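Each residue of the sequence shown is one higher than the last, beginning at 144 in my numbering. Glycine is no exception: its CB is placed at the ideal position from the N, C-alpha and C atoms. In this text the structure is predicted, and so the values were computed from the model without any measurement.
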Amino acid sequence: KKSVSFEPGTKGGCDSPTPKIAIATVNTNTAIVKASAKAVICNLCRKKHVVAPNVYCGDCDFYMARFRPRT
C-alpha cells in the first residue's frame with residue numbers, strides 16, 4: 144500500500160496562511176508630458192506613448208514585471 148503525503152499548504156488538511164506578494168506600483172499617468180520630455184512609442188505594444196527614459200507603457204510595464212527577478 145502506497146502512502147501519499149503533500150507539502151504543507153498544497154492540498155487538503157489545514158488551512159495555510161495566504162502568501163504575501165509584493166506588488167510594484169506603476170505611475171501610468173503619461174497624459175501630461177513636459178515640453179522638455181521626449182515622448183516615444185512603447186517598445187512592446189507600440190500603441191501608447193511613454194516619456195523618454197521609460198521603455199514600456201504602464202500596461203506593458205506591469206506585464207513585464209513578472210519576468211523581473213524578485214528581491
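Please state the DSSP three-state secondary structure of Ala-195.
The three-state reading of DSSP puts Ala-195 in coil, since its state is none of H, G, I, E or B.
Tell me Ala-247's beta-bridge partners as DSSP assigns them.
Limits of the chain in this structure are 144 at one end and 214 at the other, which puts residue 247 out of reach.
Judging by CA-CA distance, which residue of Lys-181, Arg-211, Pro-212, Met-207 is the nearest neighbour of Ala-195?
The shortest C-alpha separation from Ala-195 is found at Lys-181.
Report the rounded CA-to-CA distance for Val-183 versus Asn-197, giving the unit in angstroms.
Near 9 Å, if we compare the C-alpha coordinates of Asn-197 and Val-183.
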